[in-house]
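So the structure is just underneath, and the comments pick up after that.
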Amino acid sequence: MTTNLMEDAPSAQTEIFLAHYRKVFARRRWSFLLPCCVIGLAGAVAAYVWPLKYQSDSLILIEQQKVPSQYVKPNVVSDLQSRLDTMTQQILSRTRLQKLIEDFHLYAGERNKETMDDLVDKMRGNIFVQPVQIPGRQDQLTAFHISYISRSPDTAQRVTNELTSLFIEYNLRTRAEDSASTTAFLRTELQAAADELSTQEHRLQDFKMKNLGALPEQFEANLQVMASLESQLQAVTNELQRAEQQKVYLISIRSEYEAIGRAAGGRGMLVAGTDGTHRSSDLANAEATLRDLKKRYESLTGQYTSEFPDVITTKKEIAHWESVVADLKTAAAKSPASPSPSPAQGPAPDPGVSPAIADATSHLKAIDLEIAAQKRDQMMLQKQIALMQDRLKETPLLEQQFAEISRDCDNARLNYQSLLQKQQQSELATQLEQRQQGEQFRVLDPAKRPDKAMPPNRLQIVLIGWVLGVIGGFGWVVLREFLDSTIRGKSDLELRTQVPILACIPTHLNSVQERRRIRRSRLELAVGVLLVLIVIGSGIGSMLRA
7 MTTNLMEDAP SAQTEIFLAH YRKVFARRRW SFLLPCCVIG LAGAVAAYVW
57 PLKYQSDSLI LIEQQKVPSQ YVKPNVVSDL QSRLDTMTQQ ILSRTRLQKL
107 IEDFHLYAGE RNKETMDDLV DKMRGNIFVQ PVQIPGRQDQ LTAFHISYIS
157 RSPDTAQRVT NELTSLFIEY NLRTRAEDSA STTAFLRTEL QAAADELSTQ
207 EHRLQDFKMK NLGALPEQFE ANLQVMASLE SQLQAVTNEL QRAEQQKVYL
257 ISIRSEYEAI GRAAGGRGML VAGTDGTHRS SDLANAEATL RDLKKRYESL
307 TGQYTSEFPD VITTKKEIAH WESVVADLKT AAAKSPASPS PSPAQGPAPD
357 PGVSPAIADA TSHLKAIDLE IAAQKRDQMM LQKQIALMQD RLKETPLLEQ
407 QFAEISRDCD NARLNYQSLL QKQQQSELAT QLEQRQQGEQ FRVLDPAKRP
457 DKAMPPNRLQ IVLIGWVLGV IGGFGWVVLR EFLDSTIRGK SDLELRTQVP
507 ILACIPTHLN SVQERRRIRR SRLELAVGVL LVLIVIGSGI GSMLRA
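Numbering (my numbering), first residue to last: 7 to 552.
Following this line, the structure appears as structure tokens:
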């Protein structure tokens, strides 16, 4: 029995609470219905007047250069994301957007209320350019979306297609212009490099012409020439010494001939005999000298070539002594020994006209001419050796200047060759862009006419309005009930006092109060039906407009 009472106590308590809330809802029904209907109808009205927006979207694929980059390197190598940002800024500029607004007659209703700058800002806010990110390749841009939002689906489609065309045209034009600009810049730099190279080459040529013979590259040749000149000078000096010795010898011979001639004036045969004896001695000496020279020549030719200076000098001496021997033999043949003259034959011949003296005199003249020529050759060789010595001394001083000028010329040539190669590559890249074989944009998904409006749609707005109305109605009921301290009926009294009620006196209405209650019930019913019709009508209207 006790257990049954304990089990019935919670259920009774729950029934008391439920009965209380039913009475609260019945009493506060209009506090709930009025905010709920007002907020719900407000949502329906908002959904009805809410402007519909349609978004049209196109997908642009970024195609890479058709010719491999190892064959033709592109001139435009900037980051694609940065170039896309630049293109977006250019295309969404005020000038271009104003032209689009005027061409497509956009925002016709707002033109009289807002300025063109406001319309441009509004249109810019309705245009979206979004890159397509590929999983695993976040740093590489391969495609991007272009979308435009408008109240008309046809306008959204047409404007999106126009924006797509602008992006494609701008990419082709800017790439071609940038490539052509790079080529023009390299062409200008190449011309400047060619002028600089020509200047440096003329400078190098002028330096070589000015210092011809003393250039560092001619140092070894100058040493060889110097050695050759010294050899020639030594040979000429030897020849000069030999000629001077020959001259001394001839002078002594002529003096002896003259002395013999003067002494033989009265001795006749003795003079002749003495003269012949002296010629025989000279001829023997000359032949001995000639034999020594021939032996020396044979020894030299066995060791050196015919161009060796000592060989040439010995050969000349041999020719000279052969001439002397021949002359002595001729003189001996012309002046044979004769017997002493008799008184009938007259006096002896005049020694002043002796053939030997005349021959010695002629040889002296030839030797003098040879000595003079050899002295001239010696002076000329000495001058040449002095000149070569000066050139050899100047070579170390000119080497630094020559190295600097050569280095400048080489640098100018390398710069010219490098710019020439770059200019040729740039020409190929420009032709590639002009033929639209480089990187370009291709429409993968063209803009289509949107069939549905963008969220939120009108039905969602209506539903949101009624949900907020229900929440607002419950909230208003709770607030009023919380602020109302009136005790209404048996359940309120039991809840507040926790004391059982022994008896209740029911409420009795008179006829006037009963009629008033009936009219109020009918009015509430009519208002309720009206609200239901309004709610249904707003919902149907919003769905049809959506």
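Every residue, glycine too, gets a C-beta built ideally from N, C-alpha and C.
Small disclaimer: the values here were computed from a predicted structure and weren't measured.
Assign Ile-152 to one of three DSSP states: helix, strand, or coil.
strand
Quick check: what's the CA-CA separation for Pro-345 versus Ala-364?
Because Pro-345 sits at a pLDDT of 42, beneath the cut-off of 50, its placement in the model cannot be relied upon, and the point is left open.
Within the chosen definition, does the stretch 226 to 234 reach the stretch 376 to 387 through at least 3 CB pairs nearer than 8 Å?
no
Cα separation between Asp-91 and Ile-470?
39 Å
Quick one: complete beta strand (DSSP E) runs, 3+ long, within the stretch 171 to 230?
none
Taking the DSSP output, what are the residues bridged to Ile-66?
Phe-150, Val-449, per the DSSP bridge assignment.
Relative to the C-alpha of Arg-33, which candidate in Glu-487, Leu-536, Leu-438, Arg-419 has its C-alpha closest?
Glu-487
Between Ser-424, Leu-169, Ser-517, which lies nearest to Tyr-3 when the distance is taken from Cα to Cα?
As shown, the chain starts at 7 and ends at 552. That puts residue 3 outside it, with no answer to give.
Which residue from Ser-99, Ala-453, Ser-261, Ser-185 puts its Cα closest to that of Ser-84?
Ser-185
So the beta strand (DSSP E) Val-138 belongs to, where does it begin and stop?
133 to 138
Can you look up Arg-27 in the DSSP assignment and give me helix, strand or coil?
Here residue 27 is Tyr; the residue named in the question, Arg, does not match the sequence. Residue state, collapsed to three classes: helix.
Please report the distance separating the alpha-carbon of Arg-102 from that of Tyr-176.
12 Å
With Thr-161 and Glu-433 assumed to form a contact (beta carbons below 8 Å), what rounded beta-carbon distance in angstroms separates them?
Your pair Thr-161 and Glu-433 does not check out as a contact, with CB atoms roughly 45 Å apart and the cut at 8 Å.
Can you give the beta carbon distance from Ile-257 to Leu-398, rounded, assuming they're within the 8 Å contact cut?
The pair is not a contact, with the Cβ atoms about 42 Å apart (cut-off 8 Å).
Nearest by alpha-carbon distance to Arg-28: which of Arg-526, Ser-491, Val-483, Pro-506 is it?
Val-483
Use the C-beta contact count for Pro-512: other C-beta atoms within 10 angstroms, 16 or more gives buried, fewer gives exposed.
exposed
Do you know offhand how far Ser-156's Cα is from Asp-63's?
12 Å
Please state whether DSSP places Gln-61 in a helix, a strand or coil.
strand
Exposed or buried, which one is Val-30 when buried takes at least 16 other CB atoms within 10 Å?
buried
Is it the case that the Cβ atoms of Ala-453 and Ile-174 are separated by a distance below 9 Å?
no
Provide the residue span of the alpha helix (DSSP H) that contains Glu-116, from first to last.
Per DSSP, Glu-116 belongs to no alpha helix (DSSP H) and is neither H nor E.
Kindly indicate which three-state DSSP category Gly-46 falls into: helix, strand or coil?
helix
Quick check: what's the CA-CA separation for Leu-196 versus Val-82?
20 Å
Between Ile-373 and the rest of its own chain, which residues show a CB-CB distance below 7 Å, the 5 nearest in sequence each way excluded?
Ala-249, Gln-252, Lys-253, Leu-256
Within this structure, are the beta carbons of Leu-192 and Leu-425 separated by less than 9 Å?
yes
Within this structure, are the beta carbons of Gln-554 and Val-126 separated by less than 9 Å?
In the structure as shown, the chain begins at 7 and stops at 552. Residue 554 is therefore absent and cannot be evaluated.
How about Ser-171 and Tyr-60: are their beta carbons less than 9 Å apart?
Using a Cβ distance threshold of 9 Å, Ser-171 and Tyr-60 do not count as a contacting pair.
Three-state secondary structure (DSSP) at Trp-2?
Lying before the first or after the last residue shown, residue 2 is absent from the chain, which here runs from 7 to 552.
Do you know how far the Cα of Val-317 is from the Cα of Gln-309?
10 Å
Could you give the DSSP three-state label for Asp-281: helix, strand or coil?
Low per-residue confidence applies at Asp-281: pLDDT is 49, beneath 50, and the placement is therefore not dependable, though the value from the model is reported in the following sentence. Residue state, collapsed to three classes: helix.
To the nearest angstrom, report how far apart Pro-137 and Glu-69 are at their CA atoms.
14 Å
Taking only the alpha-carbon atoms, compute the straight-line gap between Leu-218 and Ile-324 and give it to the nearest angstrom.
41 Å
I believe Val-473 touches Ala-53 by the beta-carbon criterion, under 8 Å. Please report the beta-carbon distance rounded to the nearest angstrom.
Wrong, their Cβ atoms sit about 13 Å apart, outside the cutoff.
Is the beta carbon of Leu-67 less than 9 Å from the beta carbon of Ala-149?
yes
How would you label Arg-260, buried or exposed, when you count the other beta carbons within 10 angstroms and need 16 or more for buried?
buried
Among Arg-455, Arg-448, Arg-209, whose alpha-carbon lies nearest the alpha-carbon of Gln-163?
Arg-455 is the residue among Arg-455, Arg-448, Arg-209 whose C-alpha sits nearest the C-alpha of Gln-163.
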